[in-house]
Amino acid sequence: MSLLSVENLVVRHGLLQAVRGVSFTVQRGETLALVGANGAGKTTLLRAIAGAHQPAAGRVLLNGADLTSVPSHKRVGMGIALVPEGRKLFVQMTVEENLLLGKTAGRAGDWSVSKVLEMFPNLKPRRHAKTGHLSGGEQQATAIGRALMSNPDVLLLDEVSLGLSPLIVDRVYAALQGLIASGTTIVLVEQDLNRALSVSDRVICMLEGRVALEGPSNAVSRDDVTKAYFGLHRKSPGSVPA
Amino acid sequence: MSNQIIQGILLGGYYALIACGLSFMFSVMRIINLAHGSLAVFAAFALWWLASRFHVSPFVGLLIVLPLMAAIGWALQRFLLERSARGGALLPILTTFGLAIVIDNMLFEQFGADTRSLAPYIGSLSYDSWEWPGSIYVGKLAVIMFATAVILLGGLQLFLTRTRLGRSIRATSEDPDTAGLVGVDARRANAIAAAIAMVTVGLAGAFLGMRATFDPYAGAPQLLFAFEAAVIGGAGSLWGTLVGGIVLALAQTLGAQVHPQGFLIGGHAVFLVVLFVRLSTSGLGLRGLLRLPSRSAS
Numbered sequence: 000m001s002l003l004s005v006e007n008l009v010v011r012h013g014l015l016q017a018v019r020g021v022s023f024t025v026q027r028g029e030t031l032a033l034v035g036a037n038g039a040g041k042t043t044l045l046r047a048i049a050g051a052h053q054p055a056a057g058r059v060l061l062n063g064a065d066l067t068s069v070p071s072h073k074r075v076g077m078g079i080a081l082v083p084e085g086r087k088l089f090v091q092m093t094v095e096e097n098l099l100l101g102k103t104a105g106r107a108g109d110w111s112v113s114k115v116l117e118m119f120p121n122l123k124p125r126r127h128a129k130t131g132h133l134s135g136g137e138q139q140a141t142a143i144g145r146a147l148m149s150n151p152d153v154l155l156l157d158e159v160s161l162g163l164s165p166l167i168v169d170r171v172y173a174a175l176q177g178l179i180a181s182g183t184t185i186v187l188v189e190q191d192l193n194r195a196l197s198v199s200d201r202v203i204c205m206l207e208g209r210v211a212l213e214g215p216s217n218a219v220s221r222d223d224v225t226k227a228y229f230g231l232h233r234k235s236p237g238s239v240p241a
Numbered sequence: 000m001s002n003q004i005i006q007g008i009l010l011g012g013y014y015a016l017i018a019c020g021l022s023f024m025f026s027v028m029r030i031i032n033l034a035h036g037s038l039a040v041f042a043a044f045a046l047w048w049l050a051s052r053f054h055v056s057p058f059v060g061l062l063i064v065l066p067l068m069a070a071i072g073w074a075l076q077r078f079l080l081e082r083s084a085r086g087g088a089l090l091p092i093l094t095t096f097g098l099a100i101v102i103d104n105m106l107f108e109q110f111g112a113d114t115r116s117l118a119p120y121i122g123s124l125s126y127d128s129w130e131w132p133g134s135i136y137v138g139k140l141a142v143i144m145f146a147t148a149v150i151l152l153g154g155l156q157l158f159l160t161r162t163r164l165g166r167s168i169r170a171t172s173e174d175p176d177t178a179g180l181v182g183v184d185a186r187r188a189n190a191i192a193a194a195i196a197m198v199t200v201g202l203a204g205a206f207l208g209m210r211a212t213f214d215p216y217a218g219a220p221q222l223l224f225a226f227e228a229a230v231i232g233g234a235g236s237l238w239g240t241l242v243g244g245i246v247l248a249l250a251q252t253l254g255a256q257v258h259p260q261g262f263l264i265g266g267h268a269v270f271l272v273v274l275f276v277r278l279s280t281s282g283l284g285l286r287g288l289l290r291l292p293s294r295s296a297s
């Protein structure tokens, strides 16, 4: 059984249909990259999986359990954690307080404040600083740490490299490689195609709310993805490009 | 003069108590509760009813009234304020305004227009005092009120910073949508915050009844004092509320020394000066005045 299943998901923002019947599965320990141009529906899809958007149709299943009507705070308790685009930290609170908030769902697991600080040593001296005073990289590390504190089965990462310098992105991705190596299941939304392909097992390219291309990252060429990215190469969901 | 300053500081404790719930509710739920004063008077009437009908000391009566106020706060948030908040920022203000009218008239219907007081039910505490050097008399009740305010504000501060529930309430106040994404039930956090706010209103109502008289329409002036203290101290700041209460009370006490009508005028004048300075220096209009924290994280 797949760990995460998305079945014919449709999400609307008012009259705009942002996600149009998207289906895919994620196996335990797998890293899936969602790529696509701005407005392709990646963030909306990720937020719908996390429960921040209520879908108009379709289902989200985790370990076979239907989460579609489950509110976002309960989904965290069931094993889904989102690192939102723009970090969305609680800026009036310290790094430690933000991390401890991740524990609210009360899921058992290995992640603790000290383990997050080991993973991101640059946060150690900033532990008691308000997150509004942190650099972009430190904020991103805190956001990832906060999500990990809930000991998720599936970690959803939305644009973790957005607004960060290349050096900081390298550090964030080095930490992600560690997570991937430890068997964490990840769904990654990323604009940087090279990075997305290099860390993921499978890639889905979205275009105008639909899956334009899907396949194993090592079997998909950058050229295929680029064509799908700009709508020059449409494939039905589940197909591997030639 | 030192006597007036001490009396003013102690009176500030009462204003901090009554402003605490207003400030707390605003900072967490972004709701300006115009029924705040009426709810405090409701609590005072509940204590008076217990005392006059069943001879229950107001201090013992708090064991019944404070849980009742917590339940009222929880129900108000769940069934009234949460729904009205979906209609925009103005609707909860109108809702609480309507609620204040309902409470005032319900109390009038039930208890009539007579003024009441809890002072007869607390023995000599309402007028007992300690004599300090320099012929300064410090009322025991005033000291109890001030100590209660400090303990309450300190307790709330510890609760908000050191407990999981407190952090959840702060996260909800900053960004309820993101709070949900980290596992916080924002509806529950808001309902608990409303319950806590109403407990502080219940305490303020008890001290209102012990230190003065009240009638069914006494809520409006209490709301005004609470609002002034909260704005002077910076709505949403717990210790700022204490400072705001003390500043308001000092202005009133010193104003009364200048002119018999100066008690209220002194308080209003300081409130307006602080309001003007805040608006002039913040450059952010009402947002700066109320010291609203940013909802944006990035």
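Those sequence lines, one after another, are chains A and X.
Letter by letter, the first sequence follows residues 0 to 241 in numbering that gives the first Met the number 0.
Letter by letter, the second sequence follows residues 0 to 297 in numbering that gives the first Met the number 0.
Each residue gets a CB set at the ideal place from its N, CA and C atoms; glycine is no exception.
A quick note: this is a predicted structure, and the numbers were derived from the prediction, not measured.
Open item on the list: For A211(X) and F78(X), what's the separation of their Cα atoms in angstroms?
Closed with: Between A211(X) and F78(X), the C-alpha separation is close to 33 Å.
Open item on the list: Rounded to the nearest angstrom, what separates F2(X) and I8(X) at their Cα positions?
Closed with: According to the sequence displayed, residue 2(X) carries Asn and not Phe. Using only the alpha carbons, I get a separation of about 10 Å.
- [ ] Mind listing the chain A neighbours of L152(X)? Cutoff is C-beta to C-beta under 9 Å, in chain order.
- [x] At a C-beta separation below 9 Å, L152(X) has no neighbours in chain A, since its nearest C-beta there lies roughly 18 Å away.
Task: Nearest residue (CA-CA) to A180(A), options V5(A), T30(A), G35(A) and D169(A) - done: Comparing Cα-Cα distances from A180(A) to each of V5(A), T30(A), G35(A) and D169(A), the minimum goes to T30(A).
- [ ] Assess, as a yes-or-no matter, whether the region 227–234 of chain X is touched by the region 14–27 of chain X under the definition of 3 or more beta carbon pairs within less than 8 Å.
- [x] The region 14–27 of chain X makes contact with the region 227–234 of chain X; the number of CB pairs closer than 8 Å reaches 3 or more.
Task: Residue from N32(X), I4(X), G201(X) and Y14(X) with nearest C-alpha to I135(X) - done: Ranked by how close their Cα comes to the Cα of I135(X), the residues N32(X), I4(X), G201(X) and Y14(X) have I4(X) in first place.
- [ ] Kindly list, in the order they appear in chain A, the residues whose Cβ is closer than 8 Å to that of L81(X).
- [x] According to the sequence provided, residue 81(X) is Glu. The question's Leu does not apply to it. The premise fails here: E81(X) is roughly 14 Å from chain A at the closest Cβ pair, so nothing lies under 8 Å.
Open item on the list: Cutting at 8 Å between CB atoms, please list the residues of its own chain near V181(X), excluding the five before and the five after it.
Closed with: The residues are A170.
Open item on the list: Is it buried or exposed, H54(X), if we count other Cβ atoms within 10 angstroms and call 16 or more buried?
Closed with: The residue in question, H54(X), is exposed, as its Cβ has fewer than 16 Cβ neighbours within 10 Å.
Open item on the list: For chain X, check one thing: does any of its Cβ atoms lie closer than 8 Å to the Cβ of L163(A)?
Closed with: No, its Cβ sits nowhere closer than 8 Å to a Cβ of chain X.
TODO: Could you work out which residues of chain A lie near D184(X), taking near to mean beta carbons separated by less than 7 Å?
DONE: Per Cβ cutoff of 7 Å: H72.
Task: Selection from W238(X), A43(X), M0(X) and L10(X) that minimises the alpha carbon distance to D214(X) - done: For the residues W238(X), A43(X), M0(X) and L10(X), the minimum Cα distance to D214(X) belongs to A43(X).
Task: Helix, strand or coil at M205(A) [DSSP, three-state] - done: Reduced to three states, the DSSP call for M205(A) is strand.
Open item on the list: I need the DSSP call for T95(X), collapsed to helix, strand or coil.
Closed with: Residue state for T95(X) is assigned as helix, using DSSP reduced to three classes.
Task: Minimum Cβ-Cβ distance from Q190(A) to chain X less than 8 Å - done: With 8 Å as the cut-off, Q190(A) does not count as an interface residue toward chain X.
TODO: Give a yes or no on contact between the region 91–101 of chain A and the region 30–42 of chain A, applying the rule of three or more CB pairs nearer than 8 Å.
DONE: Counting Cβ pairs under 8 Å, fewer than three are found: no touch.
Open item on the list: Considering only the alpha carbon of each residue, which of G11(X), A34(X) and L10(X) lies closest to G218(X)?
Closed with: Relative to G218(X), the option among G11(X), A34(X) and L10(X) whose CA is nearest is A34(X).
Task: Environment of E158(A) [buried if 16+ CB atoms lie within 10 Å] - done: Residue burial is scored here from C-beta neighbours: E158(A) has at least 16 other C-beta atoms within 10 angstroms and is therefore classed as buried.
Task: Three-state class that DSSP yields for R19(A) in the structure shown - done: Residue state for R19(A) is assigned as strand, using DSSP reduced to three classes.
Open item on the list: Just to make sure I have the definition right: I need the residues of chain X whose C-beta is within less than 8 Å of the C-beta of R11(A). Which are they?
Closed with: Simply none; closest approach about 18 Å.
- [ ] Sort T24(A), L166(A), H12(A) and I79(A) by Cα distance to L156(A) and report the nearest one.
- [x] Checking every option, the nearest Cα to that of L156(A) belongs to I79(A).
- [ ] Spell out whether any CB of chain X is found under 8 Å from the CB atom of P83(A).
- [x] Yes, its Cβ sits closer than 8 Å to a Cβ of chain X.
- [ ] Mark K102(A) as exposed unless 16 or more other C-beta atoms lie within 10 angstroms of its C-beta, in which case mark it buried.
- [x] That one is buried.
- [ ] Would you kindly report the start and end of the unbroken beta strand (DSSP E) that includes V5(A)?
- [x] For V5(A), the uninterrupted beta strand (DSSP E) segment begins and ends at L3 to H12.
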